[in-house]
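Those letters in the sequence shown? Residues 110 to 578, by this note's numbering.
Read through the structure below, which is laid out as structure tokens, and then see the notes.
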Amino acid sequence: MIQPNPLASARLREDQVDLDPAVWPAGTARGTDGALRIGGSDVRDLAADHGTPLYVVDERAVRDRAAAARSAIERAAAAAGVDAHIYYAGKAFLSSDVVRWMLDAGLRIDVCSGGELALALASGAPGASLGFHGNDKSDPEIAAAVEAGVAGFVVDSASEVGRVAAAAARAARVQPVRLRVNSGVHASTHEYLATAREDQKFGVALVDVPAVVAAIRAEPSLRFLGLHSHIGSQIVGTGGFAEAARRLLALHRDLLDGGPVPELNLGGGWGIAYVSGQEAADVDAVAVELVAAVVAAAAEFGVPVPDLAVEPGRWIVGPAGVTVYSVGTIKDVEVQTDGTAAVRRYVSVDGGMSDNIRAALYGADYMVRLASRASTAPLELVRVVGKHCESGDVVVREDLLPADVGAGDLVAVPATGAYHHSLASNYNLLTRPAVVAVGAGEVRILIRRETIDDLLARDAGLARVGSTS
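Here it is as structure tokens:
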């Protein structure tokens with residue numbers, strides 16, 4: 110039963126699914142006592158052993174989704190008579206285990222910093238399995254990527270061409286490169302997630318592409334692979350991809366006069382569901398429609414269909430993650446709405462914007478469930494908030510929890526596998542949570558929990574004080 114509250118939106122219904130499979134990892138269920146189990150592991154045991162907040166990743170879900178993405182794209186590309194390359198976008202979440210999971214699934218890895226490159230290489234990824242992105246690559250990063258022999262170096266500006274060419278010449282190798290193009294396609298997404306608008310930092314404008322490609326081809330140490338586009342993130346339809354493909358293939362046609370253009374990379378950005386009822390990208394439909402759009406554009410411009418590359422990240426790892434929190438302070442706040450007093454219940458947890466900045470940064474929606482026990486209490490409208498000194502420190506803007514939720518309970522927030530640990534911070538000097546992988550009742554630490562000693566060790570002033578005492 111839901112306690113009526115005029116502050117609640119229409120999407121919060123009494124018949125809502127408890128653990129919606131469109132949002133939660135497939136291996137999530139409740140035990141006979143009502144406690145949540147993820148990948149066969151009881152969240153109470155996970156919290157006791159690893160503390161909270163805690164990122165929990167269902168390993169089977171990640172592996173299965175990686176395999177599904179590869180299968181869908183390769184099958185659709187094969188039907189068009191071309192090859193496909195699938196890069197996992199490491200920025201979503203990267204650890205040594207995740208690198209190995211992706212390689213096991215036959216995916217390549219996309220990295221966009223020296224740190225991500227170093228981690229991928231240290232995890233056993235060969236350079237030939239890596240792509241390297243970035244709008245402001247340093248000379249040391251460029252040199253490291255070239256020396257590692259990355260399969261595809263994404264040039265993001267005209268000024269980068271000579272720097273990459275020089276690094277490749279010093280390494281005595283010919284570096285394959287793609288050129289990132291700002292296609293001008295506006296994805297239907299949050300402004301900060303759209304990466305192909307004219308007025309932003311990524312890629313080169315359509316009008317500048319011929320000159321930059323000519324500069325690439327003039328360098329003996331570079332080999333031009335093709336054009337690259339990334340129109341944004343959290344996209345569920347394929348219309349934007351189709352238009353981007355059409356614009357790039359018009360350029361592709363003209364570029365063929367100067368040499369081969371073997372590949373077209375349409376990036377990633379496939380969306381997932383964060384709350385029940387939210388649309389998510391259907392990977393099989395996306396693959397078929399994306400390839401069909403490329404085939405149609407190639408026919409329109411009279412060019413052979415190029416090999417394809419894509420870069421999904423969130424779609425693979427996002428739905429596999431759940432964050433577990435401990436409940437602390439409960440506070441009922443009276444709010445006036447249309448002249449009527451209503452109560453919003455604030456449920457504070459032991460994390461917040463330091464482990465999930467997306468709600469504050471993008472206004473992203475999330476859902477929450479009581480995780481440590483069953484309850485027959487009526488459901489009440491709640492807002493789950495963190496412990497940071499910010500009024501915008503909101504984890505779940507609105508959902509329903511049992512009225513008897515209280516201090517010491519565990520709650521769980523799904524769809525936190527992507528861009529949560531990656532964007533985590535030490536704001537207010539909170540330590541970053543551990544990340545554990547679960548599966549078949551087994552638990553493995555992927556990233557250990559930070560400690561107060563870790564925080565203090567970085568403060569050089571404390572070291573100086575210690576050396577003079």
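Each residue gets a CB set at the ideal place from its N, CA and C atoms; glycine is no exception.
| Check | Outcome |
| --- | --- |
| Cβ-based burial, GLY233 [other Cβ within 10 Å; buried from 16] | exposed |
| Contacting residues, own chain, Cβ-Cβ under 7 Å from ASP363 (five flanking each side not counted) | PRO319 |
| Chain-order list of residues whose beta-carbon lies under 7 Å from that of ARG169 (same chain, five-residue window excluded) | GLY136, GLY148, GLY548 |
| Residues of its chain near ALA451, where Cβ-Cβ distance is below 8 Å and the 5 sequence neighbours each way are ignored | ASN114, PRO115, LEU116, GLU443, VAL444, GLN445 |
| Those runs of the alpha helix (DSSP H) which lie wholly inside the stretch 449 to 529 and span at least 4 residues | 467 to 471 |
| At least 3 beta-carbon pairs within less than 8 Å: the stretch 527 to 540 vs the stretch 189 to 203 | yes |
| Three-state secondary structure (DSSP) of ARG282 | coil |
| Cβ-Cβ distance between TYR475 and VAL419 below 9 Å | no |
| Strand pairing of ARG553, partner residues [DSSP] | ALA546 |
| Completely contained alpha helix (DSSP H) runs for the stretch 200 to 284, where each covers 4 or more residues | 205 to 213, 223 to 231, 248 to 257, 267 to 279 |
| Under the three-state DSSP convention, the category HIS159 falls into | helix |
| Those runs of the beta strand (DSSP E) which lie wholly inside the stretch 349 to 398 and span at least 3 residues | 372 to 374 |
| Check whether ALA516 and GLY437 have beta carbons under 9 Å apart | yes |
| GLY367 burial status per 10 Å Cβ neighbour count (16 or more: buried) | exposed |
| Beta-carbon proximity of VAL152 to SER481, cut-off 9 Å | yes |
| Length of the line joining the Cα atoms of GLY501 and THR432 | 19 Å |
| Segment limits, beta strand (DSSP E) that includes VAL444 | 430 to 446 |
| Cβ shell of ARG179 (< 7 Å), same chain only, five flanking positions each side left out | ILE195, ALA214, GLY215, LEU216 |
| Minimum C-alpha distance to GLY190 - residue among PRO415, ALA469, VAL552, VAL544 | PRO415 |
| Whole-angstrom distance between CYS498 and ASP468, CA atom to CA atom | Correcting the residue identity first, residue 468 is Ala in this sequence and not Asp. Approximately 15 Å between the Cα atoms of the pair. |
| Per-residue DSSP class, three states only, for ASP416 | strand |
| Endpoints, the alpha helix (DSSP H) within which LEU579 is located | Residue 579 falls outside the range modelled here, since the chain spans only 110 to 578, and no answer is possible. |
| Burial state of SER247 (16 or more Cβ within 10 Å) | exposed |
| Segment limits, alpha helix (DSSP H) that includes ARG169 | 168 to 188 |
| Selection from SER330, ASP447, VAL493, SER385 that minimises the alpha carbon distance to ASP124 | SER385 |
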